[in-house]
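If you read the sequence shown in the working numbering, its first letter stands for residue 136, the second for the next number, and so on.
By construction, the Cβ of each residue, glycine as well, lies at the ideal position given by its N, Cα and C atoms.
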Amino acid sequence: MKNLQFDFTVDKATKTVFITREFAANQSLVWDAFTKQELLDQWWAPKPFASKTKAMDFKVGGRRFYAMISPEGNEIWAMHQYTSITPKTNLKYLNAFADKDENPQLPGSDWDLTFTEKNGITTVSITIYNDSLERMEKMIEMGFKEGFTMTLNELDNLLPHFKN
């Protein structure tokens, strides 16, 4: 098995985080893992947290409202507000923490995910732009790199079990 690429770069000058991650799976399957509720809930939280979607409407203008739940039952609510969808190749959304009643904690961050495949390896390139340097620094201090690395590794482990 070849080593799959994983890069994580923080650029404070542009308030942007750049992530590139390769997966040994076809593009369609990786796309589904990022866009289908039943798949997202299996991996979109760093262990030991679990992901639970309360509502998801995958369309431009739609949203995913979900919680990351700790083993003790504490819920951290967040939402993705979908702003652009190009099936199988690109997905953009506003990501923000929220309260349990779906009131977002702004400013959030703008996520831009691009999916490409070559020789059965799918690369997901993620750009996360923050309006606020303070928010980005808080996100990094809260362990975003470690948590998101764990989350993407969980997806990598689950992909062989997902079906197109």
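Query, Result
"Contacts around Trp166, its chain only, beta-carbon distance under 7 Å, and the 5 residues preceding and following it disregarded", "Lys223 and Phe250"
"From Asn265, Ser267, Ile261 and Lys273, residue whose alpha carbon lies closest to that of Thr284", "Ile261"
"Cα-Cα separation between Glu237 and Phe141, rounded to whole angstroms", "32 Å"
"Where Ser186 falls, given that 16 or more other Cβ within 10 Å makes a residue buried", "buried"
"Beta-carbon contacts of Ala190 that lie in its chain and below 6 Å, excluding the five residues immediately before and after", "Phe200"
"Alpha carbon of Glu272 to alpha carbon of Glu157, nearest angstrom", "26 Å"
"Meets three-Cβ-pair contact criterion under 8 Å: the segment 178–185 and the segment 274–291", "yes"
"Nearest to Pro239 (by Cα), restricted to the options Trp246, Lys280 and Gln216", "Gln216"
"Val152, buried or exposed, once every other Cβ within 10 Å from all chains shown has been counted against 16", "buried"
"Beta-carbon proximity list for Lys280, same chain, < 6 Å, skipping 5 on both sides", "Phe143"
"Rounded straight-line distance, which links the Cα of Lys298 to that of Met277", "33 Å"
"Whole runs of the alpha helix (DSSP H) within the segment 204–228, excluding any shorter than 4 residues", "none"
"Straight-line gap, Asp245 to Glu269 (C-alpha atoms, nearest Å)", "15 Å"
"For Asp176, the first and last residue of its enclosing alpha helix (DSSP H)", "Gln172 to Trp178"
"Under the three-state DSSP convention, the category Asn292 falls into", "helix"
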